[in-house]
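What follows is one structure encoded as structure tokens, with my remarks underneath.
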Amino acid sequence: MVGRMVFNPPMLPEMVNTHEYRAAEVPAANGHTTARAVARIYGCLARGGELDGVRLLRAETLARAVTEQVAGEDAALGWPTRLGLGFLLRTPEWRMGPSPRAFGHPGAGGSVGFADPDARLGFAYTPSRMTAFVRPELG
226 MVGRMVFNPP
236 MLPEMVNTHE
246 YRAAEVPAAN
256 GHTTARAVAR
266 IYGCLARGGE
276 LDGVRLLRAE
286 TLARAVTEQV
296 AGEDAALGWP
306 TRLGLGFLLR
316 TPEWRMGPSP
326 RAFGHPGAGG
336 SVGFADPDAR
346 LGFAYTPSRM
356 TAFVRPELG
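First residue of the sequence shown: 226, per our numbering; consecutive thereafter.
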């Protein structure tokens, strides 16, 4: 099912690495940034929602965003997930570091970003070229 969902129409590496694809606006997909920028935002979240002395999220908002809303096997992806409001929460399949409070989200092509509140750490990896890789193995 993941193939029908994610690759419809086909998302071939030679297509998604073109200037035209990168310039397109596709909601909830094809965001382009640096690992440093993603890690900076997750670092802000890992430290309670403040960045360079500016509060971006209230503590209550962040706490709600990382509170489990639903858990179980994702019907589209076919593996167990725990979801907050916009973030995947840690599971045995999505470990995102050693902390059980870690949260984040993978992206297509092997990219990933997460926050570890216990370590007060944000992490991100963004490959320079897109591949057909959907599920990174974290842990």
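Ideal Cβ placement from N, Cα and C applies to all residues, glycine included. Everything numeric in this text was worked out from a predicted model, so none of it was measured.
Tell me which residue opens and which closes the alpha helix (DSSP H) that residue i is part of.
i: VAL251; result: No alpha helix (DSSP H) holds VAL251; DSSP gives it neither H nor E.
i: GLY273; result: Counting along the chain, GLY273 falls outside any alpha helix (DSSP H), and DSSP gives it neither H nor E.
i: ARG289; result: 284–290
Among the residues of its own chain, which have a CB less than 7 Å from the CB of residue i, if the five just before and after it don't count?
i: PRO361; result: Low local confidence applies: a pLDDT of 45 at PRO361 is under 50, so the model's placement there is unreliable, with the coordinate-based value given in what follows. Closer than 7 Å at the Cβ level, and outside the excluded window around PRO361, lie PRO331, GLY335, VAL337.
i: PHE339; result: TYR267, MET321, GLY322, ALA327, PHE328, GLY329, PHE348
i: THR259; result: THR351
i: ALA284; result: GLY273, GLY274
i: MET240; result: TYR246
i: GLN294; result: LEU308, GLY309, LEU310
How is the beta strand (DSSP E) around residue i delimited, first residue to last?
i: GLU298; result: 295–298
i: THR306; result: 305–308
i: GLY329; result: 328–331
Checking the sheet assignment: what are the DSSP bridge partners for residue i?
i: TYR350; result: VAL337
i: VAL279; result: LEU276
i: LEU314; result: PHE328
By Cβ distance, which residues of its chain are closer than 8 Å to residue i, with the 5 residues on each side in sequence left out?
i: HIS257; result: ARG247
i: LEU281; result: CYS269, GLY274, GLU275
Starting from the C-beta of residue i, find all residues in its chain whose C-beta is less than 6 Å away, skip the five residues before and the five after it, and write them out in chain order.
i: PRO342; result: ALA271, ARG326
i: ALA296; result: ARG307
i: SER324; result: ASP341, ASP343
With a cut-off of 8 Å on the beta carbons, I'd call residue i and residue j a contact; round off their distance for me.
i: ALA264; j: ASN255; result: About 20 Å separates the two Cβ atoms, so there is no contact after all.
The segment 268–279 contacting the segment 344–358, beta-carbon criterion three pairs below 8 Å: Enough Cβ pairs lie closer than 8 Å, so yes.
Any 3 or more C-beta pairs closer than 8 Å across the segment 281–290 and the segment 309–318: Short answer: they touch.
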